[in-house]
Amino acid sequence: MPKSSAYDAKVPDARGVIHYSDEENEVWRDLYAKQLPNVQAHSAPEYLVGLDKVGLPENRVPQCCEVSEVLRGLTGWRVTPVPCLIGFGKFFGMLAQREFPAASFIRSRRDFDYIQEPDIFHEIFGHTPLLTDPRIARFSRAIGQAGQRAEARDYAWLIRLYWFTIEFGLTKSGGVIKALGSGLASSPGELPYAVSSDVAERRPFDVLDILRTPYRIDIHQPIYFVLEDIDTLFQAAERDLLADVREAQSLGQFAPTYRLKKIA
Ligand SMILES: [Fe+2]
313 MPKSSAYDAK
323 VPDARGVIHY
333 SDEENEVWRD
343 LYAKQLPNVQ
353 AHSAPEYLVG
363 LDKVGLPENR
373 VPQCCEVSEV
383 LRGLTGWRVT
393 PVPCLIGFGK
403 FFGMLAQREF
413 PAASFIRSRR
423 DFDYIQEPDI
433 FHEIFGHTPL
443 LTDPRIARFS
453 RAIGQAGQRA
463 EARDYAWLIR
473 LYWFTIEFGL
483 TKSGGVIKAL
493 GSGLASSPGE
503 LPYAVSSDVA
513 ERRPFDVLDI
523 LRTPYRIDIH
533 QPIYFVLEDI
543 DTLFQAAERD
553 LLADVREAQS
563 LGQFAPTYRL
573 KKIA
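All residue numbers for the sequence shown refer to our numbering, where the first residue is 313 and numbers rise by one.
Structure representation (structure tokens):
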């Protein structure tokens, strides 16, 4: 997702290595230890298989270059540290190039359980397992490619497709609803809520419905979209997503089910 942050980006050295302090590495260690049993309980098998494939270190912040090495051999993607703030145009352009933009800072202890903006734990622990799956990787790239053809007025519509799948999507697995999205995998609080809350609404995956559904970034999602399976996502990648955006625009946005604030 496009980035905006109160944190400062960490800049790689000449060898492409980002230096993290002992305290920062300990935050990673503790986040990893806290979330591993959560994702094992609530996340989709595709995420868990991916997590196994990327083989993240438990005790230190991984380097984007070492994760890229794994992804390159599996789906051709790479992870690139970016400044905390990038726009939609750059974001979509990078996805189209199979380049995942990653915020490089890690949250402080103050934000341990909840951080609104993406940090390196979200980017690596949440996103990169999904990018090991060729179907999810293809869908991510398709959104980027649609974004490259889009105009600025389309961005806020198109990004909803990314939000409700790659970030906060659910999927069925053996008849059980599991979490797919990276925003869920990296969130200790929202992960169990997303799959089991009686308050949250779960709608079947539908590209046009998603494109018409506004969201807020600063609350647990009131609406999730549920894939029948991951192949459905792969099939969606073959659609003309920009044509879908235009159709969604002509049909109009659904009324929000939350109180109005920070609509994306
Ligand atoms: Fe994200």
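For each residue, glycine too, the CB sits at the ideal point set by N, CA and C. Quick caveat, the model's predicted, so the values are computed rather than measured.
Between the beta-carbon of residue i and the beta-carbon of residue j, is there less than 8 Å?
i	j	result
V519	L482	no
I478	S452	yes
G385	D445	no
A512	H354	no
I455	L473	yes
A408	C376	no
W469	A560	yes
L545	R447	yes
L360	V366	no
Q428	I522	no
F433	R419	yes
V557	D466	yes
M406	T387	no
Closest to residue i by C-alpha separation, out of the options, would be which residue?
i	options	result
G328	R421, D445, E378	E378
L397	W389, A318, P534, C376	A318
W340	F417, A464, G405	F417
E411	Y359, S380, F433	S380
G495	S485, G486, K484, V507	V507
Y536	A549, I489, D543, D342	I489
Y426	S562, G501, R551	G501
R524	I448, R515, D530	R515
H532	R551, D556, D543, P504	P504
F596	Y467, G401, Y527	Residue numbering for the chain in the displayed model covers 313 to 576; residue 596 lies beyond these limits and cannot be assessed.
E374	N337, H439, A555	In the sequence as presented, Glu is not what sits at residue 374; that position holds Pro. For P374, the nearest C-alpha among the options comes from N337.
V323	F404, I432, A555, P395	P395
L554	T392, L348, F404, P349	F404
I542	K484, D552, R551, Y570	K484
E540	G487, I522, D556, E550	G487
G401	D431, T392, F424, I471	I471
G493	D364, Y570, E435	E435
R372	P357, A321, D431, E335	E335
A321	P357, R571, P430	P430
D342	G399, E550, E370	E370
Determine whether the Cβ of residue i lies closer than 8 Å to any Cβ atom of chain C.
i	result
E336	The structure shown contains no chain C; it is built from a single protein chain.
In chain order, each beta strand (DSSP E) run of at least 3 residues that lies wholly inside the segment 431-501: 482-485, 488-491
Count the C-beta pairs between the segment 454-463 and the segment 328-348 that are closer than 8 Å, then say yes if the count reaches three, no if not. no
Between the segment 503-517 and the segment 558-567, are three or more C-beta pairs nearer than 8 Å? no
Sequence ranges, beta strand (DSSP E) only - wholly within the segment 362-429, length at least 3: 390-394, 411-415
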